[in-house]
Amino acid sequence: MTSVDQIVLNFVYPFVRFNNYFITGYFVLINTTYILMLLIAFKAIKKYSHHIQALEMKTLFLTPFAKPVSLLVPAYNEQTSVVESVKSLLQLQYPTFEIILINDGSSDNTLKNLINSFDLVKTKNVFRPQIHCQKIKGIYESSTYSNLIVVDKVNGGKADALNSGINISKYPLICSLDADSILESDVLIKVVRPFMEDHTTVAAGGSIRIANGCKIFNGRVIKIGLPKSILGKFQVMEYLRSFLAGRMAFSIINGLIIISGAFGIFKKDKVIEIGGYKKGSVGEDMELIMRLHAHLREKNEPYNITFVPDPVCWTEAPENLKVLGLQRKRWQRGLLESLLGNKRVFLNPRYGIIGLVAYPFFLIAEGFGPLIEVFGFILFFVTWYFGMVAYPLIYLFILATIVLNILLSIGSIIFEEMTYQRYPKTSMIIKLIGLSFIEVFLYRPLTVWYRLVGIFEYFTGKKGGWGKMVRKGF
Amino acid sequence: MDSPKNWEFDGFLKIGDSFLKLISEQVFFPFHKHFQEYPITTALIFSVFILIGITAFLLLYVIYLRLKIDRYQNLKVRKFVNWKKNILPLILDNVDISTFLKTFLKTIKKGDYEMFGEFITPYLNDTKGDSLERMIKILREIGVVKRERYHLKHSNSTWRRALAVRRLGAFKDSFSIEALVKALHDKDITVAVNAAGALLKMGDRQLLKTVISVLLRNKFITEELFAEALLKFERTLNLEIFLSQEIDRYPISSRFKIINLILQITRTESGPKLIIRLRNSKEAVGVILENEDLAEELLDEIILKYKNSEFIDLEKILSKKEKVYPVSSRIKMIDFIGYIRRVEGIPVLIDILKKSKNDEETISIIKALGNLEAAESAPLLVDHLESEHPVIRAQAAKALGVFKDEKAAKPISRLLEDRDWWCRYHAASSIHQMGEAGKICLQNFLKITKDPFAKGIITQFLSKPQ
Amino acid sequence: MARILVIEDDEHIWNIIQYKLKSENHEPIWANDGLKALRKLEKIKLDLIISDIMVPYLDGLQILKKIKKKDELKDIPVIMLTSKSQEKDVLIGLELGAQDYITKPFSPAELILRVNKVLRSK
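Protein chains in written order, with the working numbering: chain A, 1 to 474; chain B, 1001 to 1466; chain C, 2001 to 2122.
Set out below in structure tokens:
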């Protein structure tokens, strides 16, 4: 036996066999978890939609007990869409709320457009700096809309902008929004309800859906449609899966560690207690929640963080590869930052479900998942090189991946159909399902690649920015 | 004897038998064999095939669901448009009920009854009077009410009961009262709160007492849910509930709930003009109050008229020893007096303020005095501007601002340089409210002060339009 | 025979009001949000406005304020439509110059009475 053969026998074979088990095991574990999540989410969504049916939504927001909310909208160079966004917020149906739009040192006409559209007048208001933030250059109030405030400040990043908004806000609940979030008009009452039903609720989030392809007028979605590009459609499915199934499931087991910054409500005093958003953080939304969990568990204070599937926030998704790439890389960096910045939580029974289930799951499946997937791919090449490919296994693998993807997608669509039926045309549903057949080959590798680069960028110290979003405007 | 029936049955058994044998030989045994050799792999392959099966099934299910829903929606839209044109006028017009029922039953098919229930339900919450009666009569006739009663009694699913309860409330179904009271004690809070709302819609004050006592005892029902239920009571909530003897046996947190609620609701009676609109019998008073000149003259007389047992109870309560009513309740009651503008309570409040040693209580009295615009308490409040507790200082400044008494400007202005933000804010706000004299006071202070925070808050107010 | 603008975003309430006004030979016009209401106010000559307090974009009180500022609109009588817990808004509305108000749930017959009373007193 040549030395090469010996090496192959003693090292490569066992290596490959071990990794076959490892990869397969990982695959089975992750997908079983996804299916489990799907089942849990199914039950939860059904329960929630029944709960809503039994309530009289129309009169709910008329109660004088509806907690007032401060909406915080950080904006950076959003001249094309900012006016529309604010209009969309003005038409929300809720008894008491204020809109605080924070212009984070934009270099374009964001501020000018706002001043012109809403009759803004600069005030000499002072505020209490409860959380440190960059210098505020001016606070503007609208003479027409008494609940609109615009804050102009020196650039400091999204987290910093949110913190300045918290300083200016008057009300006990704060809602972080993106500058392009379009909310449905009854969103606030639905997402504030958990705070009214259970006083231990400290945070709540709603679904995010993709606005591309929808007809929007005066800040309201009047007609729902699918994005034109395939990339957009893939993202629609992705969001449906991750929100309706993913977040719902984690919320039920009290393990929700992400509430999207595009739409999340928090109790202001708790946020101030943990020092507000972390300046310079990439994924400030997830970072905040992780710290909130850790803090409240350390304090042994009973609390509830929940996901409400019904209220929807429509947001513009990137339909071009470059911007999508930037977004996904940023998300990956944000994820790793939030997780690795709170290492003490990992597998620590002190943090309950968060430490034992949520954190490990996200770390392995989302955080390092791309690494494992790529590794599997490399492994395939190694085995192919050594002529050890077990083709049936590979076929099975591919088949399983496709089927599981379709299963999860269809599952999410079924939830959607059972409850909200927001996609009016049957053809839309068919298109979405059809695409889930090929998503594994086209979209999945793309996102895995971006996430991989994101991991690399994180460990080589790339810092977060605003994330350029080339706005097409509504 | 070989009857055709038996012959078929035999054949069935035979075919079934060989089919099963086929499956077990071709599928089961090989599977079993492989499973024994390579358990993991076989399990995996098997699961994949099962998954494919499930997926295919779900795919068909989705399409089926979608088509079903589409069809239902289209049908619904068509019918609703038709009913809006033909049935709604019947309901809204002053037609006598029996003729109306006859016409209605002729127009709608039996199979549409359920959909009709869906059509008419939103209108139930929007209307009152004859139209509502007509709608409820139809719903009775077509059995919708009966069906909901059935679901309430027999349904195992919580949400269906909650829904039934809500609908029965909308129907104002007095036959269901017993079942609704039972639902009030349901473990699920949605059912309980809906039951409360449903019972209250019927407008019976006896029921009101029952509802309140049950809701208060349920510790899972928050103040907000409590308020939501009570808001459904269509008549005016009067003090009598609040002051009834029964409130004593509730724990503090419950008393807090009631008081909080009544605070919110009766706060709406904040203007004499609105008293007219109340559906109670003091209409003459209302007419007087609408005429502002008359109102001023006759205000004392009116207060005397309202000064029945309600007020005297308050006095008794407030002067009782703290053992019976802990501070937290006294505070809520004080807040309440302030909010409902019981001006005759002012002397009592001033008295308590002088004696009070509790900070929380002091704060709530000061707030109430502000709400009541009790200008006579100004000297006392000025004293409190120097309290150690920042909230007391701030609230005293705020209340003094309501009185718009220029004499208070000087003492308040000391607070402009206070350490606490709210003190500075209210000081500036109050002085600002005093008109020209206030503005001058602020401007002068701005010139003298070296405190940057004071400068900031004064500038903020000076730049506001009056 | 009056032209009446109804500012209300609930379709069912509009259906009720529309039918009742039509049977009294009035001409009801619908605006289901604040912005549409303002546009109709500019374009059409109206005899009466029935406005819900809570409508999208601009609530009833803000619309009322705007109306009272414009010379050509300030004499149009306004009836407010409110829910029980908004009664403090009613007070503000009455102070701003609204003629009358109705609380939801309302009796359609009562609504007509008030509409006619307000139109007569014009």
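The beta-carbon is built from N, C-alpha and C at its ideal position, and this holds for glycine as well.
{"Asked": "Nearest residue (CA-CA) to B/V1048, options A/Y48, A/L72, A/N31", "Found": "A/N31"}
{"Asked": "7 Å CB neighbourhood of B/E1148 in its chain, flanking five on each side removed", "Found": "A1164, R1167, L1168"}
{"Asked": "Validate contact between the stretch 178 to 189 of chain A and the stretch 77 to 86 of chain A using beta carbons, cut 8 Å, 3 pairs", "Found": "yes"}
{"Asked": "C-beta atoms of A/K279 and A/D160 nearer than 7 Å", "Found": "yes"}
{"Asked": "Interface flag, C/N2025 vs chain B, CB-CB below 7 Å", "Found": "no"}
{"Asked": "B/K1492 - containing alpha helix (DSSP H), residue span", "Found": "Nothing can be reported for residue 1492 of chain B, as the shown portion of chain B is limited to 1001 through 1466."}
{"Asked": "Rounded C-alpha distance that separates C/L2073 from B/G1203", "Found": "41 Å"}
{"Asked": "Beta carbon proximity, C/Y2057 to chain A, threshold 7 Å", "Found": "yes"}
{"Asked": "Under 7 Å between C-beta atoms of C/M2080 and C/G2097", "Found": "no"}
{"Asked": "Alpha-carbon spacing of A/T33 relative to A/T2, whole angstroms", "Found": "45 Å"}
{"Asked": "Where A/L71 meets chain C, residues with beta-carbon distance less than 7 Å", "Found": "In chain order: nothing, as chain C lies at least about 16 Å away."}
{"Asked": "Contact the stretch 433 to 450 of chain A vs the stretch 1074 to 1093 of chain B: 3+ CB pairs below 8 Å", "Found": "no"}
{"Asked": "Terminal residues of the alpha helix (DSSP H) in which C/E2110 lies", "Found": "2108 to 2120"}
{"Asked": "Contact set between the stretch 1078 to 1098 of chain B and chain C, restricted to residues whose Cβ is under 8 Å from the partner", "Found": "K1084, L1088, P1089, L1092, D1093, N1094"}
{"Asked": "Cβ shell of A/T200 (< 6 Å), same chain only, five flanking positions each side left out", "Found": "P302, Y303, N304"}
{"Asked": "Neighbour-count burial assignment, A/Y395, 16 or more Cβ in a 10 Å radius", "Found": "exposed"}
{"Asked": "Where the stretch 1053 to 1075 of chain B meets chain A: residues whose CB sits under 9 Å from a CB there", "Found": "I1054, T1055, L1058, L1059, Y1061, V1062, I1063, L1065, R1066, L1067, I1069, D1070, Q1073"}
{"Asked": "Reduced DSSP secondary structure (H/G/I, E/B, other) of B/G1011", "Found": "helix"}
{"Asked": "Of the listed residues B/F1175, B/K1137, B/V1382, nearest to B/L1467 (C-alpha basis)", "Found": "Lying outside 1001 to 1466, the shown extent of chain B, residue 1467 of chain B is not represented and no answer is given."}
{"Asked": "Cβ pair A/M248, A/A54 closer than 7 Å", "Found": "no"}
{"Asked": "Residues in the stretch 1205 to 1225 of chain B having any Cβ partner in chain A nearer than 8 Å", "Found": "T1222, E1223, E1224, L1225"}
{"Asked": "Straight-line gap, A/Q134 to A/N254 (C-alpha atoms, nearest Å)", "Found": "35 Å"}
{"Asked": "is_contact[B/D1126, chain C] using C-beta, thresh 7 Å", "Found": "yes"}
{"Asked": "Segment limits, alpha helix (DSSP H) that includes A/N113", "Found": "110 to 118"}
{"Asked": "Per DSSP, cross-strand counterpart(s) of A/I222", "Found": "None, per the DSSP bridge assignment."}
{"Asked": "Inter-residue CB distance, A/I433 and A/I413 (contact presumed, cutoff 8 Å)", "Found": "6 Å"}
{"Asked": "Closer than 7 Å to chain E by CB, A/L89", "Found": "The chain labelled as chain E is not found among the protein chains of the depicted structure, namely A, B and C."}
{"Asked": "Spatial neighbours of B/T1222 in its chain, beta-carbon cut-off 8 Å, leaving aside the 5 residues before and after", "Found": "none"}
{"Asked": "Secondary structure of B/G1271, DSSP reduced to three states", "Found": "Any reading at B/G1271 needs caution, since the residue's pLDDT is 29, under 50, leaving its predicted position unreliable; the model's value is listed next. In the structure shown, B/G1271 sits in coil (DSSP, three-state: anything other than H, G, I, E or B)."}
{"Asked": "Segment limits, beta strand (DSSP E) that includes C/M2001", "Found": "Premise fails: C/M2001 is in no beta strand (DSSP E) and is neither H nor E."}
{"Asked": "Given 8 Å, three or more beta-carbon pairs between the stretch 143 to 158 of chain A and the stretch 123 to 134 of chain A", "Found": "yes"}
{"Asked": "C/I2029 (DSSP reduced to helix, strand or coil)", "Found": "strand"}
{"Asked": "Sequence-distant residues of the same chain with beta carbon closer than 8 Å to B/L1013, five excluded per side", "Found": "none"}
{"Asked": "For A/V357: DSSP bridge partner residues", "Found": "Answer is none; A/V357 lacks a bridge partner."}
{"Asked": "Residues in the stretch 92 to 114 of chain A having any Cβ partner in chain C nearer than 7 Å", "Found": "Q93"}
{"Asked": "The stretch 1426 to 1438 of chain B in contact with the stretch 1396 to 1403 of chain B per 3-pair CB rule at 8 Å", "Found": "yes"}
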